[in-house]
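A.B. asks:
Protein chains in written order, with this note's numbering: chain A, -9 to 139; chain B, 21 to 271.
Okay, structure coming up:
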């Protein structure tokens, strides 16, 4: 990955996260934060894949980072957490694999389609599990926070 | 009617309206329960019992009025309203507004929709499609045409959704439009890869809100609402898939 490609990916992720936020009518104050959280999650995923960690671990780490960062953003901005993690999730969605699955099913190549279907299931599962782990961290943190007051 | 009874009635009305607005616009169940309990508590009700589902809310407070039901009939994604309800609830907790003002503001919020202007939404749909096509597929040549195809597909989805109110059918039509347009522009020589243009183009239709909420609802222990949202997300994904598959059959 060259430096130029890196910047194109960061800019693309930021712009698309922000634009998805506009489509589901997120308040203007929350848009910028959501965009950067999306970039954070995607970069973690990208670097894990580049360093040979695999799709599943990459998506898990990305979703985990998004979950934890969203709670911090929600606390700073005093706004609901879903305003930040829904748009940030969009760059992680397995759009390419889902499309290949549909295409191969439509063309009757079921064996190839099942391979992609497996990938979609694994990626979706790892994103869900990443959220689960981040929720764990968030609960512990909330408990510690409440305890300290 | 005694003044206490009127007050209890107002508490119930406010909490139920706040809950309904939040579910209608795509909030997770745990947040709804939390907000409604807080409203009742801050308004002076000693205890409150809640039963929140994705299709309706049941609430009772200890007082002179009985439990009340609020059905939730429609579901859209407008996260700004959730933020506004959250903000109003915080203001009420800090005694910045009275219960009466809170109720009035909620009733007012319900009738007005403050979406981004049409051109901004179209631009946003284009800016979801094009950049994600480049990020996923590294195909810079098809950037502009992906923007265009995604924008038209989202326009079809948006207009149909406004008139027929069935989300799944609108998604199907939007996806089919994207597929046909992608094949057409590649045929005309404006783009290189049908696959890349379609992958970018369908991204604005991704059901992000139900996916996230279903995970959070299941984790919070709402075993009825979580899977219900997952089904919503799956049917949306299937509708998009069928729209694309139908076009690819005729390649």
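Just so you know, even glycine gets a beta-carbon here, dropped at the ideal spot from N, CA and C.
Source: prediction; values computed, not measured.
Given a limit of 8 Å on CB to CB distance, which residues of the segment -4 to 8 of chain A reach chain B?
C.D. replies: -2, -1, 1, 2, 3, 5, 6, 8
A.B. asks: For the alpha helix (DSSP H) holding residue 151(B), just list the boundary residues, first then last.
C.D. replies: 138 to 157
A.B. asks: Can you pull out the residues from the segment 86 to 109 of chain B whose beta carbon lies closer than 7 Å to at least one beta carbon of chain C?
C.D. replies: This model lacks chain C altogether; the protein chains it does include are A and B.
A.B. asks: Within this structure, are the beta carbons of residue 74(B) and residue 236(B) separated by less than 8 Å?
C.D. replies: no
A.B. asks: Tell me whether the beta-carbon of residue 152(B) lies closer than 8 Å to the beta-carbon of residue 81(A).
C.D. replies: yes
A.B. asks: Check whether the Cβ atoms of residue 49(A) and residue 92(A) lie closer than 8 Å to each other.
C.D. replies: Not closer than 8 Å, so no.
A.B. asks: Return the CA-CA distance between residue 59(A) and residue 92(B), expressed in angstroms with no decimal places.
C.D. replies: Straight-line Cα distance between these residues: approximately 31 Å.
A.B. asks: Take residue 99(B) and list the residues in its own chain whose beta-carbon comes closer than 7 Å to its own, dropping the five residues that flank it on each side.
C.D. replies: 45, 46
A.B. asks: Mind listing the chain A neighbours of residue 157(B)? Cutoff is C-beta to C-beta under 9 Å, in chain order.
C.D. replies: 86
A.B. asks: Check the Cβ of residue 27(A) against every Cβ in chain B and list those closer than 9 Å, keeping chain order.
C.D. replies: The contacting residues do not exist; residue 27(A) stays about 13 Å from chain B at best.
A.B. asks: Would you kindly check if the distance between the Cβ of residue 171(B) and the Cβ of residue 195(B) is under 8 Å?
C.D. replies: no
A.B. asks: So what's residue 81(A) in DSSP terms, helix, strand or just coil?
C.D. replies: helix
A.B. asks: Quick check: the Cα distance between residue 132(A) and residue 184(B), rounded to an integer number of angstroms?
C.D. replies: 44 Å
A.B. asks: Of the residues 9(A), 7(A), 29(A), which one's Cα is nearest the Cα of residue -4(A)?
C.D. replies: 29(A)
A.B. asks: So which of 267(B), 103(B), 24(B), 27(B) has the shortest CA-CA distance to residue 39(B)?
C.D. replies: 103(B)
A.B. asks: Decide if residue 23(B) is buried, meaning its Cβ has at least 16 other Cβ atoms within 10 Å, or exposed.
C.D. replies: With a 10 Å radius around the Cβ and a threshold of 16 neighbouring Cβ atoms, residue 23(B) comes out exposed.
A.B. asks: So which residues on chain B does residue 156(A) lean against when the C-beta distance must stay under 8 Å?
C.D. replies: An answer regarding residue 156(A) cannot be provided, because it is not within the stretch -9 to 139 covered by chain A.
A.B. asks: Can you name the residues of chain A whose CB is closer than 9 Å to the CB of residue 198(B)?
C.D. replies: None at all; the shortest Cβ gap to chain A is about 11 Å.
A.B. asks: Do you know offhand how far residue 78(B)'s Cα is from residue 208(B)'s?
C.D. replies: 57 Å
A.B. asks: CA-CA distance, residue 63(B) and residue 33(A)?
C.D. replies: The C-alpha of residue 33(A) is placed about 45 Å away from the C-alpha of residue 63(B).
A.B. asks: Just verifying my parser: in three-state terms, what is the DSSP assignment at residue 224(B)?
C.D. replies: The answer is helix: DSSP assigns residue 224(B) an H, G or I state.
A.B. asks: Quick one: is residue 35(A) near chain B, going by C-beta distance under 8 Å?
C.D. replies: So, not an interface residue.
A.B. asks: Quick test of your reading: residue 52(B) and residue 43(B), contact by CB under 8 Å. State the CB separation rounded to the nearest angstrom.
C.D. replies: Yes, residue 52(B) and residue 43(B) are in contact; Cβ-Cβ is about 6 Å, under 8 Å.
A.B. asks: Buried or exposed for residue 120(B), please, with buried defined as at least 16 other CB atoms from any protein chain shown within 10 angstroms of its CB.
C.D. replies: exposed
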